[in-house]
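Colleague: Convert by adding 82 to the 1-based position in the sequence shown; the result is the number in the working numbering.
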Amino acid sequence: MSYSALLVDLVTDLGGCGRSQWLTAFVGQGAKIGAALSMLHMTFNGQRSNFRCDHPHILLSNATFLFDNACKIENGTGQCDNVVFENSIHTVVDEWDLVCERSWIVAIITTIQMAGVLVGCFISGHLGDLIGRKPTFYLSQLILFVFNIVAYFSVNWQMYAVIRFALGMGIGFFLTVHMNLITEMAPSVWRTRIIAVPTWAIGCSSLALVAWLLKDWRHIHLANAVIVLPFLLTFFFIDESVRWLITKGRYNAANNLINRIARMNKKPKPNTSKLIEVATLHAQSDNSKDTHSVIDLFKERRMGNITLGLIFIWITISFSYYGLTFGVGSLAGNLYMNMFLLNIIETPASFVIMYFVNRFGSKKCLMATIQFTTLCGLAAGIVQYIDTPHRGLVTNVFALASKLGLAVGWGCIITYEVELYPTVVRTIAYGLHNTAARVGGMVAPQIVFLNESVPGVMYFISTALLLISAVICCTFPDTSGKELDDTLSSEKNLVTVTTVLKSSPDKTDDGLKPHQDTGESDLKY
83 MSYSALLVDL
93 VTDLGGCGRS
103 QWLTAFVGQG
113 AKIGAALSML
123 HMTFNGQRSN
133 FRCDHPHILL
143 SNATFLFDNA
153 CKIENGTGQC
163 DNVVFENSIH
173 TVVDEWDLVC
183 ERSWIVAIIT
193 TIQMAGVLVG
203 CFISGHLGDL
213 IGRKPTFYLS
223 QLILFVFNIV
233 AYFSVNWQMY
243 AVIRFALGMG
253 IGFFLTVHMN
263 LITEMAPSVW
273 RTRIIAVPTW
283 AIGCSSLALV
293 AWLLKDWRHI
303 HLANAVIVLP
313 FLLTFFFIDE
323 SVRWLITKGR
333 YNAANNLINR
343 IARMNKKPKP
353 NTSKLIEVAT
363 LHAQSDNSKD
373 THSVIDLFKE
383 RRMGNITLGL
393 IFIWITISFS
403 YYGLTFGVGS
413 LAGNLYMNMF
423 LLNIIETPAS
433 FVIMYFVNRF
443 GSKKCLMATI
453 QFTTLCGLAA
463 GIVQYIDTPH
473 RGLVTNVFAL
483 ASKLGLAVGW
493 GCIITYEVEL
503 YPTVVRTIAY
513 GLHNTAARVG
523 GMVAPQIVFL
533 NESVPGVMYF
543 ISTALLLISA
553 VICCTFPDTS
563 GKELDDTLSS
573 EKNLVTVTTV
583 LKSSPDKTDD
593 GLKPHQDTGE
603 SDLKY
C-alpha cells in the first residue's frame, strides 16, 4: 500500500467529513465573504457620481442642466477647474475629483490592488508550505481586518492606492492557502462539494446590499472589517493540515492532531504507525527534499506542460471574470441591481460544479464551460455594433451568462488544480497560478477603461483568449475519481508498506521511532 493510500485510509478512519472537517470548512468558506467584499470594493468605490462644472455662468435653477457630466464649460473650450458632484453616493471619485483628465486614476487604483493580489499569491504559495496553511490563512485575515480600518482614514488617492495594494496582498494570501487548508483532510467525494459552496458569490453579491445601505466608501470599509473580525478570532479553534505536518516530518505534532480530530469526530484513535514509517522513509530517501519550490513544477516535462497551460487558462479566466465585474457600471439599469445579479448568478454555478464535476470530472466540465463562455462573450461583443433599442438588455443577458460560465469554470479549475498536483507542491502550484491569474486581473481594469472608447473590445479579447484556453485544456489528463497524490513521481519509487514491515525498527505505541524529535519545537505553530 502506498503513502497516498495510507493517507486516504487515515481520512476515512477519522470519519471522512466529521465535525473537525466541517468546522474548518465553515471557517475557510465563511472567511471568503470578507475577502470577496475586499476584492470588489472598487466596483462601488470607483463609481462616478453625476457632476457639473462649478462655474458662475451655470444656472443652478436649471435642474436638467445641473449635472451634465461635461468636462468642458458650455459654449467654450476651457476645462473645468472645479466640479460639483451629486450627493446620491459618496465614492473615492467625488472624494478626490477623479473625473475628466483624472478619470484614469480609478483604473490605476484597481490595477494596483490586483498587483497586491499578485504579490500576495506569489509570497503565500511558498509561505503556506514553509510555515503552514493555518498561520498563512490567519495572516490574511489580520491584513484584511487592519487595512480595512486604515482605509477609513485615507487622506488622498495615493494613500488609498497603497492601502488597496495591502488589501490585495491579504486577499492573495487567502486565495492561495484557504482551499488547501479545508480540502487536504477531506475525502475525494467531498472536495468538490466543499469547494462548490457559493460563499464567494454570497460575499460579492452582499456588496450590493452593503453599498445600497451605506452609500459611503469609508463606511463600507468599516463594515468589511466587522465581517472579517469573527473569522480572525477562530484562530484558536482551527487545526493545521495533517498532510502538511506529515510531509514536513513533524510526526509528533501530526499524531497529536490526529488524536484530537478523532476525539472531535467521536472516532477511535487510528493506528498511525505504518503511515509514519512510510513518511519517514520518504524523508530519508535520496530523492526526497525538505523543501520544494516553483522549479519542481517544471522538472518533469509532463508537469511542466500542465503548469504552463494552467498559467494561461488562469490568466484568461481572471481577465474575463474581473473585466465583467469591474465593468458593471457600463451595464444598463440600476447599479445596485446589476452588482447583485452579476454576482449572485455565481450561486447556481456552485451547484452545477457540485453535480457535474462529480459525474463527468473536472476536465470535461472545464472544457464545456470555457466553450459556453466563449460563445456568450462573442455575442455580447457583436451586440455593441447592432443598432437596436434593446442593446442594453441583450448585453446584460449575455454578460450574466458569461459570468455564470466563468464562475463554473473557476470552480472547475480550482478542483482540477487540487487533483493535478501532489501535496508537497500543491500550495506552490496554486500560488503560482493564482499569481498568474492576477496578471489578467491587473489588465482587466485598463481594458474596462478602454471599453468606454472602443465598445466591445473587452468581450472580443476575452473571446480570443478563451478559445485558445479550450484548445490547451484538451491536452490535460483526466483526474476524475482519483485520490490526491502527496509526493512527486520522482519520490515515489521506494516506499511501500511491505518494505516498511521488512526493514523497520521497533516502534513506540504511537508509531514514532524512539530516536525521533519530540516535537516540542512544533508548539509555536
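Cβ coordinates follow ideal geometry from the N, Cα and C atoms, glycine included.
Report all residues from its chain with a CB closer than 6 Å to the CB of Thr389; omit the five preceding and five following residues, and keep chain order.
Modeller: Excluding positions up to five away in sequence, the list reads Leu379.
Colleague: What three-state label does DSSP hand Cys135 in the structure shown?
Modeller: In the structure shown, Cys135 sits in a strand (DSSP, three-state: E or B).
Colleague: With DSSP as the reference, label Val521 as helix, strand or coil.
Modeller: Three-state DSSP puts Val521 in a helix.
Colleague: Give me the Cα-Cα distance between Val476 and Ala519, rounded to the nearest whole angstrom.
Modeller: If I take the Cα positions, the gap works out to 29 Å.
Colleague: Have a look at Thr94 and Gln103 and give me their C-alpha separation to the nearest angstrom.
Modeller: Taking the straight line from one Cα to the other gives about 12 Å.
Colleague: Residues in the same chain with beta-carbon distance under 6 Å from Gly474, minus the five sequence neighbours each way, listed in chain order, please.
Modeller: Same-chain partners within the cutoff: Ala414.
Colleague: Touch check for the stretch 535–552 and the stretch 210–229: three-plus C-beta pairs under 8 Å?
Modeller: Flag = no, the stretch 535–552 and the stretch 210–229 do not touch.
Colleague: Output yes or no for whether 8 Å exceeds the beta carbon distance between Asn230 and Leu200.
Modeller: Not closer than 8 Å, so no.
Colleague: Any contact of the stretch 495–512 with the stretch 523–542, i.e. 3+ C-beta pairs under 8 Å?
Modeller: At 8 Å Cβ cutoff, the stretches do not touch.
Colleague: How is the alpha helix (DSSP H) around Gly207 delimited, first residue to last?
Modeller: Here the alpha helix (DSSP H) through Gly207 covers 186–212.
Colleague: Figure out for me which residue from Gly331, Ala305, Ile452 has the closest Cα to the Cα of Val228.
Modeller: With distances taken between Cα atoms, Val228 lies closest to Ala305.
Colleague: Among residues of its own chain, excluding the 5 on either side of Phe313, which ones have a beta-carbon nearer than 8 Å to its beta-carbon?
Modeller: Closer than 8 Å at Cβ, skipping near neighbours: Val109, Gly112, Ala113, Gly116, Gln223.
Colleague: Out of Ile397, Arg273, Val439, Ser400, which one is the CA nearest neighbour of Val90?
Modeller: Comparing Cα-Cα distances from Val90 to each of Ile397, Arg273, Val439, Ser400, the minimum goes to Arg273.
Colleague: For the putative contact between Val410 and Met421, defined by C-beta atoms under 8 Å, what is the C-beta separation to the nearest angstrom?
Modeller: 6 Å between Cβ atoms; contact.
Colleague: Between which two residues does the alpha helix (DSSP H) carrying Cys494 extend?
Modeller: It spans 473–502 - the alpha helix (DSSP H) in which Cys494 sits, taken as one unbroken run.
Colleague: So for His374, helix, strand or coil by DSSP?
Modeller: If DSSP states are grouped into helix, strand and coil, His374 belongs with coil.
Colleague: Go through its chain and collect everything with a Cβ distance to Ser402's Cβ below 6 Å, but skip five positions before and after it.
Modeller: Result list for Ser402: Leu488, Ser544, in chain order.
Colleague: Touch check for the stretch 238–252 and the stretch 331–348: three-plus C-beta pairs under 8 Å?
Modeller: Segments in contact, no.
Colleague: Considering only the beta carbon of each residue, do Pro269 and Gly98 sit closer than 8 Å?
Modeller: Yes.
Colleague: Helix, strand or coil: how does DSSP classify Asp176 here?
Modeller: DSSP places Asp176 in helix when its eight states are reduced to three.
Colleague: According to DSSP, simplified to helix, strand and coil, what is Val237?
Modeller: Coil, per DSSP.
Colleague: In chain order, what residues of the same chain have a beta carbon less than 6 Å from the beta carbon of Leu339, not counting five sequence neighbours either side?
Modeller: These residues qualify, in order along the chain: Asp321, Val324.
Colleague: Would you tell me roughly how many angstroms separate the C-alpha atoms of Val439 and Glu183, rounded to the nearest one?
Modeller: Distance between the alpha carbons of Val439 and Glu183: 48 Å.
Colleague: Does the Cβ-Cβ distance between Thr192 and Pro527 come in under 8 Å?
Modeller: The answer is yes: Cβ separation under 8 Å.
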